[in-house]
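So the sequence shown is residues 0 to 439, counted in numbering that gives the first Met the number 0.
Even glycine gets a Cβ: it sits at the ideal position worked out from N, Cα and C.
These numbers were taken from a predicted model, which means no experiment stands behind them.
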Amino acid sequence: MTGDARNRIYDIILSKPEAGYQTYYEALRAIGVSPTPSEQEGNLYAPNPVIVPGEIIEAMMSDLVGFLDARRTALRDEADWLSLLPDEEAEVFGSADVAAQLLEAMSRQYPFAVLDAYLVEGKSGKLDRSYLEWQSFPAYSALGLEITEILFRLHPEVEKAGAKPHPDPMWDLPKLRDNLRTALLGKAIDDARCAVILDIEPEDQATLDEFLACQRLTGGERDGMGIIDPRSISYRDGLPHYPRDGGWVPVKAAMSRLVHDDVAKNLLPRLSAAEKANLLALFSDTSVDWRVHPLHFHLGSKRDFPAFFAAGLSTALAPCHEVDENLISQFREQGSRAQGWVQKPIDGCSGRAVTPNPSVDELTPGCLLQRTIYPAACHRTPWGPREPEVRVMGVPTPDGGLVCTAVYTRVKAPDAFHSNAGRTAATGNLGAGEGFALIV
Numbered sequence: 000m001t002g003d004a005r006n007r008i009y010d011i012i013l014s015k016p017e018a019g020y021q022t023y024y025e026a027l028r029a030i031g032v033s034p035t036p037s038e039q040e041g042n043l044y045a046p047n048p049v050i051v052p053g054e055i056i057e058a059m060m061s062d063l064v065g066f067l068d069a070r071r072t073a074l075r076d077e078a079d080w081l082s083l084l085p086d087e088e089a090e091v092f093g094s095a096d097v098a099a100q101l102l103e104a105m106s107r108q109y110p111f112a113v114l115d116a117y118l119v120e121g122k123s124g125k126l127d128r129s130y131l132e133w134q135s136f137p138a139y140s141a142l143g144l145e146i147t148e149i150l151f152r153l154h155p156e157v158e159k160a161g162a163k164p165h166p167d168p169m170w171d172l173p174k175l176r177d178n179l180r181t182a183l184l185g186k187a188i189d190d191a192r193c194a195v196i197l198d199i200e201p202e203d204q205a206t207l208d209e210f211l212a213c214q215r216l217t218g219g220e221r222d223g224m225g226i227i228d229p230r231s232i233s234y235r236d237g238l239p240h241y242p243r244d245g246g247w248v249p250v251k252a253a254m255s256r257l258v259h260d261d262v263a264k265n266l267l268p269r270l271s272a273a274e275k276a277n278l279l280a281l282f283s284d285t286s287v288d289w290r291v292h293p294l295h296f297h298l299g300s301k302r303d304f305p306a307f308f309a310a311g312l313s314t315a316l317a318p319c320h321e322v323d324e325n326l327i328s329q330f331r332e333q334g335s336r337a338q339g340w341v342q343k344p345i346d347g348c349s350g351r352a353v354t355p356n357p358s359v360d361e362l363t364p365g366c367l368l369q370r371t372i373y374p375a376a377c378h379r380t381p382w383g384p385r386e387p388e389v390r391v392m393g394v395p396t397p398d399g400g401l402v403c404t405a406v407y408t409r410v411k412a413p414d415a416f417h418s419n420a421g422r423t424a425a426t427g428n429l430g431a432g433e434g435f436a437l438i439v
């Protein structure tokens, strides 16, 4: 029984409570990850991993593929994809040629994508999942593999008890690493330095730990992927290059980690005319193997949940609607508050601006209104049960599939509303924080 195996694994890990998680924190520091908010504001790692049933991971991946299929089918041509971009982003990222190239690539291979869920109590007391959001975008797969490996090294007994990195035993850690490396590098597979991760001032990003893990996976600081601000790209002999080790390295493959909020606030308003023209040239360049392009960020997100729910794409989708004047009028007739609902901004990330039980006056056209999800306090910690959120992180495979490469988790106290890692750190709830799951 999965429940028995979960408890056996929890028993093994929790048999060494403080010493166990302090050793875990030391191992995180050894790879450059600061696990406690006293060292790095807003960054807190949960002291022990969430143990997730493999059947839930398989169901989430099946749904994630279904969501990608639905979005792929909905795009008739590149114009449909370009129409998803906000106007200000279209001026820099809106290349019809690149959109056509990406659309053709999607007919052969899925893009990176993630799907988030609360674990909830399902039928007959079994754990199930209920979806919070999704995005056609990468997350923390490389870091997740490193930390999953640390967990198995610190707790070698859990493997005999049934713990594994993936529901399918064929996907062991070496195979998952090799596949991720291939997916990251694309056309730069023979020289990882020719692949780059693009973000605004990446050294200041909360995702820097993931960028560095990608670099370690692909060859390390000397030979691995570049981690650069896209404004550092220069065209030389008609091709994009970036500065490295006193020279210029050609860009053959690129992974954009630009997200809408950051682009709108910290990139576009600060661009000079020359920088804007240079970025337009870069993001319109079809000679680059776009492992992830800014267009991917807008391909699929929680904005799709109302349509997915209406189409019955998954039983794990809670009722969800886009707020409009008609919906506001319905709630106004029923009372002063949308009790039992949560309002979310369509383009927000990491739980920002989420409003539980909004008043009618707080309902905002263009936002999403989703039925409140009540997570199960199913994660055991030395300080009592906690409520986990899990994220499957899908990475494309060469045969056109999508494989869950690691499972990111956020753990919150039962009396807390947000699972956002920064807010979790601020609450100081013991046993809460972010991390990566083991699968049983």
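- When DSSP assignments are scanned along the region 75-107, no uninterrupted stretch of beta strand (DSSP E) that is 3 or more residues long falls wholly within it.
- Just so you know, the alpha carbons of Ser-335 and Pro-355 end up roughly 14 Å apart.
- With a cutoff of 8 Å on beta-carbon distance, Met-254 and Ile-199 are scored as not near each other.
- Under DSSP, Gln-21 forms no beta bridge with any residue.
- The Cβ neighbour count for Tyr-373, taken over all protein chains shown within 10 Å, is under 16; the residue is labelled exposed.
- Rounded to the nearest angstrom, the gap between the Cα atoms of Leu-43 and Ala-26 is 14 Å.
- Within the same chain, Cβ atoms closer than 6 Å to the Cβ of Gly-121 are found at Asp-127, the five residues on either side in sequence being excluded.
- When secondary structure is reduced to three states using DSSP, Thr-354 falls in the strand class.
- A distance of 8 Å or more separates the beta carbons of Pro-387 and Pro-413.
- Under the 10 Å beta carbon count, Ala-191 is surrounded by 16 or more other beta carbons and is classified as buried.
- A distance below 7 Å between beta-carbons, with the five flanking residues on each side excluded, links Thr-285 to the following residues of its chain, in chain order: Asp-96, Val-97, Gln-100.
- Under the DSSP assignment, Phe-435 falls in the beta strand (DSSP E) whose first and last residues are 432-435.
- Ala-252 is positioned such that its CB atom lies closer than 8 Å to that of Asp-288.
- A distance below 7 Å between beta-carbons, with the five flanking residues on each side excluded, links Gln-214 to the following residues of its chain, in chain order: Glu-220, Gly-223, Met-224, Ile-226.
- Under a 10 Å Cβ-count criterion, Lys-343 is classified as buried, with 16 or more other Cβ atoms of the shown protein chains found around its own Cβ.
- In the three-state DSSP reduction, Asp-288 falls in the strand class (E or B).
- Around Arg-370, the same chain offers Ala-317, Pro-318, Cys-319, Gly-339, Trp-340, Val-341 as residues with beta carbons nearer than 8 Å, after the five sequence neighbours per side are excluded.
- Counting only residues of its own chain and dropping the five nearest sequence neighbours on each side, Ala-187 has a CB closer than 6 Å to the CB of Cys-193, Ala-194, Lys-251, Ala-252.
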